[in-house]
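Going by our numbering, the first residue of the sequence shown is number 13, and it counts up by one from there. Using N, Cα and C, we set each Cβ at its ideal position, and we do this for glycine too.
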Amino acid sequence: MNKKIVIANWKLNGDQTFVKDFIKKINSTQKKIFENIQIILSPPIIYINYMFKKINNKKIFFASQNVDYHDKGAFTGEISPYMINEIGAKYVILGHSERRKNHFENNTLIAKKFFSIKKNNLIPILCIGETKKEKEKGLTKEVLINQINQIFLTCGNDAFNKTFIAYEPIWAIGTGKNESPNNINKIMKFIKNYIMQKSLNKNIKFKLQYGGSVSDNNVHKIIEEKYIDGVLVGSASLNYKIFLKILKKISFREKK
13 MNKKIVIANW
23 KLNGDQTFVK
33 DFIKKINSTQ
43 KKIFENIQII
53 LSPPIIYINY
63 MFKKINNKKI
73 FFASQNVDYH
83 DKGAFTGEIS
93 PYMINEIGAK
103 YVILGHSERR
113 KNHFENNTLI
123 AKKFFSIKKN
133 NLIPILCIGE
143 TKKEKEKGLT
153 KEVLINQINQ
163 IFLTCGNDAF
173 NKTFIAYEPI
183 WAIGTGKNES
193 PNNINKIMKF
203 IKNYIMQKSL
213 NKNIKFKLQY
223 GGSVSDNNVH
233 KIIEEKYIDG
243 VLVGSASLNY
253 KIFLKILKKI
263 SFREKK
């Protein structure tokens, strides 16, 4: 049975005290909990290298929450894929609804970032999803197709090989609401089939994550679904007690 993947997106949270406490707790957690899951931590980028060096579990990986598509140059405040590689991160989250909304990132810009990430041997975690209004109008699949198609247009038919796709319905993020596991699974199946049909390489492999108010109360039901490879956890990853419950529920599920 394939390992389930847990991506923890801290967003703009944490300080040195929080980070040191998190490291202490994760280093003291029984190693057997991590045997059947893959963990990707995404703290603010200034803490990644420190955590990379201090966490004594080499099965834990790191993701940047953002990247610029330029390799270098006069781009004040930006971070290049090369820099992300240097600090110990292997993955990059992009296309998150908060960046689409707050930083006006559109599908074209996100596709450029996606291309740059892959060019620099990093692994993209592409977030896609619909708003509440789009869902109510029955436009979920159309929205997802538009977000996916721009990646194909910019990066080619083989674009999604060795990548992660996180379906995060915007109306569910931080609201405590989410789709039923069965409906999530149907959407994941649609995403997988659409990408496979569009790609010339029928052997491509990619992972499908679900994000949107994932908690220790619902993760066990979500993770059981056939087309869900893992979860992208937001606020629940900031409370280590809750985060550990999520890890245990997924890990124990893997042992069945």
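*asked:* Can you find the residues in the same chain that come closer than 7 Å, C-beta to C-beta, to Leu-256, ignoring five residues on each side of it along the sequence?
replied: Closer than 7 Å at the Cβ level, and outside the excluded window around Leu-256, lie Thr-41.
*Sufficient close CB pairs (3 or more, under 8 Å) joining the segment 64-75 to the segment 48-55*: Touching, per the Cβ criterion.
_Excluding the 5 residues flanking Asp-170 on each side, which residues of the same chain have their C-beta closer than 6 Å to its C-beta?_
Excluding its 5 nearest sequence neighbours in each direction, Asp-170 has C-beta neighbours in its own chain below 6 Å: Asn-213, listed in chain order.
*Closest to Phe-127 by CA distance: which of Tyr-81, Trp-183, Gly-150, Phe-87 is it?*
Closest by alpha carbon: Tyr-81.
*Does the distance from the CB of Asn-190 to the CB of Asn-230 come in under 8 Å?*
Yes; because the gap between Cβ atoms is below 8 Å, this pair is in contact.
_DSSP-derived helix/strand/coil call for Phe-34_ = Collapsing the DSSP output to three states places Phe-34 in a helix.
_Quick check for students: name the residue ranges of the beta strand (DSSP E) that lie wholly in the segment 126-172, counting only runs of 3 or more._
Counting whole runs of 3 or more residues, the segment 126-172 contains the beta strand (DSSP E) stretches 135-140.
*asked:* Looking at Ile-105: is its Cβ nearer than 8 Å to the Cβ of Ile-137?
replied: Contact flag set, yes.
*Please confirm whether Lys-219 and Gly-242 have their CB atoms less than 8 Å apart.*
Closer than 8 Å, so yes.
*To the nearest angstrom, how far is it from the Cα of Asn-4 to the Cα of Ile-163?*
In the structure as shown, the chain begins at 13 and stops at 268. Residue 4 is therefore absent and cannot be evaluated.
*Pick out whichever of Ile-60, Asn-161, Met-95, Ile-19 has its Cα sitting closest to the Cα of Phe-172.*
Of the candidates Ile-60, Asn-161, Met-95, Ile-19, the one whose C-alpha sits nearest the C-alpha of Phe-172 is Asn-161.
*Tell me whether Lys-267 is buried or exposed, calling it buried when 16 or more other Cβ atoms sit within 10 Å of its Cβ.*
Summary for Lys-267: the model assigns pLDDT 45, below 50, so the residue's position carries little reliability, and this model does not support an answer.
*Rounded C-alpha distance that separates Ser-249 from Lys-65*: Our two residues, Ser-249 and Lys-65, have alpha carbons roughly 20 Å apart in a direct line.
*In terms of residue numbering, what span does the beta strand (DSSP E) encompassing Gln-77 cover?*
Gln-77 -> no beta strand (DSSP E), and no H or E assigned at all.
*Taking Cβ to Cβ, would you say Lys-16 is nearer than 8 Å to Ile-177?*
Taking 8 Å as the cut-off, the Cβ atoms of Lys-16 and Ile-177 do not count as close.
*To the nearest angstrom, how far is it from the Cα of Asn-194 to the Cα of Val-226?*
Their Cα atoms are separated by approximately 15 Å.
*Based on the DSSP secondary-structure assignment, which residues constitute the bridge partners of Leu-244?*
Answer is Ile-19, Gly-223, bridged to Leu-244.
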